[in-house]
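Report on one structure; see the data block that follows.
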Amino acid sequence: MIDLTASVNSIRGIGEKKAQAFAKLGVFSLYDLLSYFPARYEDRTQFCPIASAPIGEGVCIRALVADMPRLVRVRRGMELVKFRAVDESGSVDITFFNQNYVKDYLSRGDCVCLYGKLEQNGNRRSMVNPAYEKEDRPRGVTGCILPVYRMNASLNQRTIRDAVRQGLDECADQLPDYLPEELRARNRLCQARYAYENIHFPPDFEALAIARRRLVFEELFVLACALGTMRAERTRESGLRMERKDLSAFYAALPFTPTGAQRRAIEEAAADMTGGFVMNRLVQGDVGSGKTLVAAALCWLCRENGFVSAFMAPTEILAEQHYATLSSLLAPFGMRVGRLTGSMSAKEKREAKAALAAGYYDLVIGTHALFSEDVAYTRLGLIVTDEQHRFGVRQRSALIGKGEKPHVLVMSATPIPRTLALMIYGDLDVSIIDELPPGRRKVDTFAVDESYRQRLYGFVRKLAGEGRQIFVVCPKVEDDEEQEENKLKSAEEHAKTLATVFPELRVACVHGRMKAKDKDAAMAAFVRGETDILVATTVIEVGVDVPNAALMIIENAERFGLSQLHQLRGRVGRGRHKSWCILISDNTSEDVRARLSIMEKTNDGFRIAEEDLRLRGPGDFFGSRQHGLPEMHVADLGADTQVLKTAQEEAKALLAADPQLQLPEHEALRERIGMLFQNNTDSFN
Ligand code: ADP
Ligand code: MG
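Under the working numbering, the first residue of the sequence shown is numbered 538, with each subsequent residue one higher.
Structure below.
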């Protein structure tokens, strides 16, 4: 008997060379092989009569070989086997290229099953290089749902299929079931054996769905358990224990009343900080939901305990803005707030560093300059990072290294459903601010096409006349050689155009290819109200506050994802002025119209994120972001949300009952989690 842990070369027909090809696909053991699930399936279940089978798509036919297959030499090195096949409805010419053995395998009178694309020329129907099998000697290529695997040049579908078939025949009984029996029954999931058999070779689509559901559940459940145990590890790791302080003293001195959601997030984080464990918490809330206040409350708590907080922003401008906001929020409490950014003079930096080292500041705000090597902290107790996806995990840990296990609070403005956040942010605990401060007016949003441009410019003139400022976002930095019909607006060109359209207004441009210093200067001038129209690329996506900006125009809106459009829209409506967002696109495709109309209908970031995920799938959604999750084999984080939710609830319940998975019935699961960590040593953040 072959063992599941045996190498793939213990399969008949798999030698050293093919084993190496499998290794490139991440398949080493038989268990890997059985877990190498098909990338897709071909529906070959229906047989059609030759005469009425559809042209141009894959079909199965069952026919008689009507004449002796013959070899035709077209030219040197190119040979064909040809024959005619017939059924009761008609006939078809079959041609095989460079597969001479077909001639010896099939003879006149054989009944064959074929799968291929039918072509039609006049009244003659033909098929080239079909998959074939004799009816009395089936090879599993017709009349079935055929699994199609990802492969590489040294392996073909047949090799993989045959290997999997053999692997299943030999070892299906040994497949471990990680799911505790009771849980499996409760969620009406099939057994592992059934799942593996039917994910590879389903007799029908229902069996495939049953198999897939079980495997998706298992994958998400194992991951949720893994993340849960990581979180538990961390909570066991002792950290600075702070004392509880009466937050009402803090709330009372604020210029406004915190929302319920803000209080909840603050309470959750404060419980972490006073619980004796290291906090590692993500706060996510829509743009404008008031995350800064949450951070401020915790910095206050930290100071009350005699510790220093460091607040890290992704850009100079944001650091400056946070510095201004937090200073004015916290000064009434006598807190000393400092800053440390790259653009400060050498002397200023030296002084700031000295103050930090001496423990003078209660809170320091800055960019990545905060964690340069020559910065030392005294009694660092809390690190806050804003818009964390801009920071690498390594940068965050550099800062963590500067204290004695300081608490960490990460703030993100990309609202995603909690179930997903728990996955994507790995071992972080998650607080969600799902409520906006009262009186927020929604940004009225309109999706329009080019025919509105003149009216729009009239509107720009009117708003600017009232003293408001305007953002214009373009998808590109500069013009390049492109065909006229799919020309995208470039920030540089468009800024020039607008300068001529509005000679009376001050137009500036900012984009990612500018030097950081020039970029910051252009942004800062806009913040100070020295320019009326700022033409930009998505560099302005993150966090900047220009309360006087009341109009956001987005050119070629079809080029942006929903979440991105929402972030951009969040740049306006931050002051007391009524604000608008205009999405310009001439694209008439249904997808694009659907996306833009979601923007018109809702201002709710969570809803938008869900739609985005549904429309684009998780790959695109998370795009460039490093989320550090292990690769999913069957689960689709965008589509399998319901299963994800159940799997997480089950994982939570299981860990509550057996936190370290020590019960004998959880042993297989514990080992499986161990494997997950082994294969992804550095991917979890
Ligand atoms: P974000 O979550 O996008 O970082 P901010 O923290 O910048 O949001 O807050 C957005 C605006 O809302 C700020 O001007 C802030 O002063 C204001 N704000 C925050 N919390 C409240 C509240 N509870 N009531 C009224 N205004 C608030
Ligand atoms: Mg913010």
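For glycine and all other residues, C-beta sits at the position ideal for the given N, C-alpha and C.
Margin query: What does the Cβ neighbour count give for Val545, buried or exposed, with the cut at 16 atoms within 10 Å?
Written below: Counting C-beta atoms within 10 angstroms of its own C-beta, Val545 has 16 or more neighbours from the protein chains shown and is therefore classed as buried.
Notebook entry, point to check: Which whole-angstrom value is the C-beta distance of Asn1093 and Lys1033, which I expect to be below 8 Å?
Noted result: Separation of the CB atoms of Asn1093 and Lys1033 is rounded to 17 Å, and the pair is thereby denied contact status at 8 Å.
Margin query: For Arg730 and Asp710, I'd like the C-alpha separation in whole angstroms.
Written below: Distance between the alpha carbons of Arg730 and Asp710 is about 7 Å.
Note to self: When you compare the CB positions of Leu973 and Ser826, do they come within less than 7 Å of one another, or not?
What the structure shows: Going by C-beta atoms, Leu973 is nearer than 7 Å to Ser826.
Margin query: Do Ile803 and Val831 count as a contact pair if the criterion is CB distance below 7 Å?
Written below: In contact: Val831 and Ile803 (Cβ atoms closer than 7 Å).
Notebook entry, point to check: When the distance is taken between beta carbons, is Leu1198 closer than 7 Å to Glu1206?
Noted result: A quick correction: the sequence has Leu, not Glu, at residue 1206. Yes, these two residues count as a Cβ contact at 7 Å.
Check: What's the gap between the Cα of Met948 and the Cα of Val967?
Finding: Going from the Cα of Met948 to the Cα of Val967 covers about 10 Å.
Notebook entry, point to check: Which full runs of the alpha helix (DSSP H) of 4+ residues lie inside the stretch 667-752, going along the chain?
Noted result: Correct list: 694-708, 718-723 and 729-737.
Margin query: Quick check on the DSSP output: the beta strand (DSSP E) that includes Lys554 runs from which residue to which?
Written below: Segment Glu553 to Lys561 is the alpha helix (DSSP H) holding Lys554; no beta strand (DSSP E) there.
Margin query: Using C-beta distances below 8 Å, list every residue in its chain close to Arg978, excluding the 5 sequence neighbours before and after it, in chain order.
Written below: Gly1110, Lys1115 and Ser1116.
Item checked: Delimiting residues of the alpha helix (DSSP H) encompassing Ala806 -> Taken as a continuous stretch (DSSP letters only), the alpha helix (DSSP H) holding Ala806 covers Gly797 to Met810.
Check: Roughly how many angstroms separate the alpha carbons of Gln1163 and Leu1099, rounded to a whole number?
Finding: At Gln1163 the pLDDT is 43, less than 50, meaning the model places this residue with poor confidence and gives no usable figure here.
Note to self: According to DSSP, simplified to helix, strand and coil, what is Arg998?
What the structure shows: Assigned with DSSP and collapsed to three states, Arg998 falls in helix.
Check: Do Gly879 and the ligand ADP come close, with the Cβ less than 6 Å from some heavy atom?
Finding: Result no, Cβ not under 6 Å from the ligand ADP.
Checklist line | Contact set for Thr772: own chain, Cβ-Cβ below 7 Å, skip 5 residues either direction | finding: Leaving aside the five residues that flank Thr772 on each side, the residues in its chain whose CB is nearer than 7 Å to its CB run, in chain order, Phe814.
Notebook entry, point to check: The beta strand (DSSP E) spanning Arg610 covers which residue range?
Noted result: Its beta strand (DSSP E) spans residues Arg607 to Arg612.
Check: What is the C-beta distance between Leu1042 and Ile1070, in whole angstroms, given that I count them as a contact (C-beta under 8 Å)?
Finding: Leu1042 to Ile1070, Cβ: 6 Å. Contact.
Notebook entry, point to check: Expressed to the nearest angstrom, what Euclidean distance is found between the alpha-carbon atoms of Ser882 and Lys890?
Noted result: In a straight line, the C-alpha of Ser882 is about 12 Å away from that of Lys890.
Check: The beta strand (DSSP E) with Cys836 in it runs from where to where?
Finding: Going by DSSP, Cys836 is part of no beta strand (DSSP E) but of the alpha helix (DSSP H) stretching over Lys828 to Glu841.
Margin query: Going by C-alpha to C-alpha distance, which of Glu857, Thr679, Leu919 and Gly704 sits closest to Arg778?
Written below: That would be Leu919, whose Cα lies nearest to the Cα of Arg778.
Check: To the nearest angstrom, how far is it from the Cα of Arg801 to the Cα of Asp923?
Finding: When rounded, the distance between both Cα atoms is 19 Å.
Checklist line | Under 7 Å between C-beta atoms of Lys640 and Pro606 | finding: Taking 7 Å as the cut-off, the beta carbon of Lys640 is found closer than this to the beta carbon of Pro606.
Check: Tell me which same chain residues have a C-beta within less than 7 Å of the C-beta of Ala906, skipping the five on either side of it?
Finding: The residues Leu877, Thr878 and Gly879, in chain order, have a CB closer than 7 Å to that of Ala906 in the same chain once the five nearest residues on each side in sequence are set aside.
Margin query: Once DSSP output is grouped into helix, strand and coil, what is the label at Asn1222?
Written below: Summary for Asn1222: the model assigns pLDDT 35, below 50, so the residue's position carries little reliability; its value from the coordinates is reported in the next sentence. Residue state, collapsed to three classes: coil.
Note to self: By the three-class DSSP mapping on this structure, what secondary structure does Arg955 have?
What the structure shows: Reduced to three states, the DSSP call for Arg955 is helix.
Check: For Tyr515 versus Pro684, is the C-beta spacing smaller than 7 Å?
Finding: Outside the shown range of the chain, which is 538 to 1222, sits residue 515, and nothing can be said about it.
Checklist line | Distance CB(Phe793)-CB(Trp837) smaller than 7 Å | finding: Between Phe793 and Trp837, the gap from beta carbon to beta carbon reaches 7 Å or more.
Check: Any heavy atom of the ligand ADP closer than 6 Å to the CB of Leu830?
Finding: A distance criterion of 6 Å places the beta-carbon of Leu830 in contact range of the ligand ADP, judged by its closest non-hydrogen atom.
Checklist line | Counterpart residues of Arg577 in DSSP-defined beta bridges | finding: For Arg577, which the question treats as bridged, DSSP gives the partners Val685.
Item checked: Chain-order list of residues whose beta-carbon lies under 7 Å from that of Ala892 (same chain, five-residue window excluded) -> Within the same chain, Ala892 has close Cβ partners Gly875 and Tyr898.
Margin query: So, at 7 Å on beta carbons, what are the nonlocal neighbours of Asp1149 in its own chain, with the 5 sequence-adjacent residues on each side left out?
Written below: Taken in chain order, the residues that qualify are Gly1098, Leu1099, Ser1100 and Phe1158.
Check: Below 8 Å, can you find three or more Cβ-Cβ pairs linking the stretch 976-992 to the stretch 1059-1067?
Finding: The stretch 976-992 vs the stretch 1059-1067: no contact.
Next item on the list: Say whether the stretch 701-710 touches the stretch 754-761, bearing in mind that this needs 3 or more beta-carbon pairs closer than 8 Å, one atom from each stretch.
Entry: The answer is no - the stretch 754-761 does not touch the stretch 701-710, with fewer than three Cβ pairs under 8 Å.
Note to self: Within the continuous beta strand (DSSP E) that includes Thr904, where are the two ends?
What the structure shows: According to the DSSP assignment, Thr904 belongs to no beta strand (DSSP E), since it is labelled neither H nor E.
Check: Is it the case that the CB of Val824 approaches a heavy atom of the ligand ADP more closely than 6 Å?
Finding: Checking every heavy atom of the ligand ADP against the Cβ of Val824, one is found closer than 6 Å.
Next item on the list: Have a look at Glu1204 and Glu743 and give me their C-alpha separation to the nearest angstrom.
Entry: Spanning the two alpha carbons is a distance of roughly 31 Å.
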